[in-house]
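Student: Provided herewith is a single structure, encoded as structure tokens, for subsequent inquiry.
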Amino acid sequence: MTTTITSTSNEYLSKWPYYQCQISSSCSSLERNKLINNALLDIWQGLNTEELQLSSSSPTYSKYFEGHVTKNRRSWKAFSNAVATFLTPTQEKEERHQWVQLVGHRGTFKKGIHDGYILKELSEHEKYCCEILQTDSLKDFVPKYNGIVKDAEGRLFIEMEDLLASFNEPSIMDCKIGVRTYLEEELDKAECNPEPRTDLYNKMIAIDVSAPTEKEHEEKKILKTRYMIWRESLSSSQNLGFRIEAIQISHGSMLKEFHRIKECDDVKQQLKNFLANSLSRANQYLERLFELRSTCIRSRFFRSHELIGSSLLFVHDKKKASVWMIDFG
């Protein structure tokens with residue numbers, strides 16, 4: 086299948102040969118790190134260029150968002166509350182059934198009935214998406230779907246591909262994509278019922294006790310609209326169009342304290358740490374991201390759905406690296 090790439094896309098995609106030429110063995114360590122980090126961030130920004138902004142409700146640039154979101158609100162089928170990602174086996178064979186969850190609710194996942202698959206607690210929204218995506222151009226960038234199964238307790242699960250199965254001691258990074266992780270409809274509903282809430286005030290001060298205004302401190306309550314917008318402003322989501330949700334390096338401990346990482350330089354440092362300064366690993370991720378971006382442009386699913394709370398899952402081991410879109414619940 087072929088697709089016509091506009092001048093904007095061509096200009097962006099042409100950067101790939103540039104980075105390949107610039108990042109060479111003759112570069113100093115500092116120069117190579119800088120080029121690798123810049124290339125990765127260019128890819129991230131490229132996932133939401135003007136073409137994709139016209140087909141997605143999660144544009145990267147705030148000016149576009151502020152100027153167009155109210156004018157071009159579309160009746161997309163929206164999906165929210167996607168918070169869980171995939172699991173990683175801790176050891177080989179006999180210990181393979183012991184799972185460590187990277188992000189999300191514990192108990193959401195179980196070992197799959199078939200080898201190379203896992204079970205994820207049923208969400209009708211995610212089931213709907215999985216079924217559609219199996220015939221969409223994005224099918225190679227999402228987990229394979231193997232239907233619905235019932236466990237011994239009668240609970241229903243989606244059986245989907247275990248994206249970590251082919252990796253040996255994988256390192257994993259979950260990145261939440263989009264400038265916001267809430268639906269526009271949520272803001273509309275909150276504005277129709279502007280009732281300050283104590284629970285949201287408590288959530289806010291748990292993160293930053295200085296965040297509430299003097300009046301909010303006095304009332305110990307906060308409007309939902311105020312809380313949602315403030316929450317998104319904490320991370321790099323609004324500025325970069327994505328935020329790091331969690332990282333796990335091989336058999337190391339899981340890192341999830343990224344909700345306050347906002348500045349570009351800080352994000353670069355986290356990407357650098359995850360890549361461990363590997364040029365070949367960076368190139369594998371870049372190639373996969375270019376393919377994903379090109380596929381999104383022609384994807385019917387991507388053009389007709391609003392992705393809220395979805396993620397990109399980065400996985401690598403010593404030999405290979407790849408990226409998938411996940412979380413459609």
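Residues in the sequence shown are numbered from 86 upward in steps of one, following my numbering. We put the beta carbon where it would ideally sit given N, CA and C, even for glycine.
1. Determine whether the beta carbon atoms of Leu-218 and Phe-387 lie at a separation below 7 Å.
2. Going straight from the alpha carbon of Glu-327 to that of Ile-346, what length do you get?
3. Within this structure, are the beta carbons of Pro-228 and Asp-402 separated by less than 7 Å?
4. Please identify the residue among Lys-196, His-199, Tyr-202 and Tyr-213 whose C-alpha is closest to the C-alpha of Phe-413.
5. Taking C-alpha atoms, which residue in Val-294, Asp-293, Lys-305 and Ser-320 lies nearest to Ile-262?
6. Looking only at DSSP bridge pairs, what is Tyr-202 linked to?
7. Under a Cβ-count criterion, where at least 16 other Cβ atoms within 10 Å of its own Cβ denotes burial, should Asn-244 be classed as buried or exposed?
8. Of the residues Leu-249, Glu-301 and Glu-376, which one's Cα is nearest the Cα of Ile-203?
9. Using a Cβ-Cβ cutoff of less than 8 Å, which residues in the same chain neighbour Ala-296 once the five nearest sequence positions on both sides are dropped?
10. Pick helix, strand or coil for Ala-291, following the three-state DSSP scheme.
11. Quick one: Cα of Ile-329 to Cα of Glu-376, how far?
12. Taking the alpha carbon of Tyr-312 as the point to measure from, which residue in Lys-353, Cys-349, Gly-337 and Thr-266 has its own alpha carbon closest?
13. How is the alpha helix (DSSP H) around Ile-329 delimited, first residue to last?
14. Give me, in chain order, the residues of the same chain whose beta-carbon lies closer than 7 Å to that of Arg-282; leave out the 5 immediate sequence neighbours on both sides.
15. Do Val-400 and Arg-373 have their beta-carbon atoms positioned less than 7 Å apart in this structure?
16. Whole-angstrom Cβ separation of Lys-195 and Phe-242, contact assumed at under 8 Å?
17. Cα separation between Gly-152 and Asp-350?
Tutor: Let me lay it out:
1. Taking 7 Å as the Cβ cut-off, Leu-218 and Phe-387 do not qualify as a contacting pair.
2. Just to set this straight, residue 327 is Phe in the shown sequence, not Glu. C-alpha separation (whole angstroms): 11 Å.
3. Not a contact, by the Cβ cut-off of 7 Å.
4. Of the candidates Lys-196, His-199, Tyr-202 and Tyr-213, Tyr-213 places its Cα closest to the Cα of Phe-413.
5. Proximity to Ile-262 across Val-294, Asp-293, Lys-305 and Ser-320 peaks at Ser-320, based on C-alpha coordinates.
6. Note: Tyr-202 sits in a beta bridge opposite Glu-246.
7. Going by the sequence as given, residue 244 is Glu instead of Asn. Looking at its Cβ environment, which holds 16 or more other Cβ atoms inside 10 Å, Glu-244 is buried.
8. Minimum Cα distance to Ile-203 is reached at Leu-249.
9. Cβ within range, chain order: Met-289, Ile-290 and Trp-315.
10. Ala-291: helix per DSSP, three-state reduction.
11. Each residue's alpha carbon lies about 21 Å from the other.
12. The option with the nearest alpha carbon to Tyr-312 is Thr-266.
13. Secondary structure note for Ile-329: it is in no alpha helix (DSSP H), and the uninterrupted beta strand (DSSP E) holding it is 327-333.
14. These residues qualify, in order along the chain: Lys-306, Ile-307 and Lys-309.
15. Inclusion of Arg-373 and Val-400 in the CB contact set at 7 Å is not warranted, their separation being larger than that value.
16. Contact between Lys-195 and Phe-242 holds, since their C-beta atoms are separated by about 7 Å, short of 8 Å.
17. Note on Gly-152: pLDDT 39, under 50, position unreliable in the model; no value is reported.
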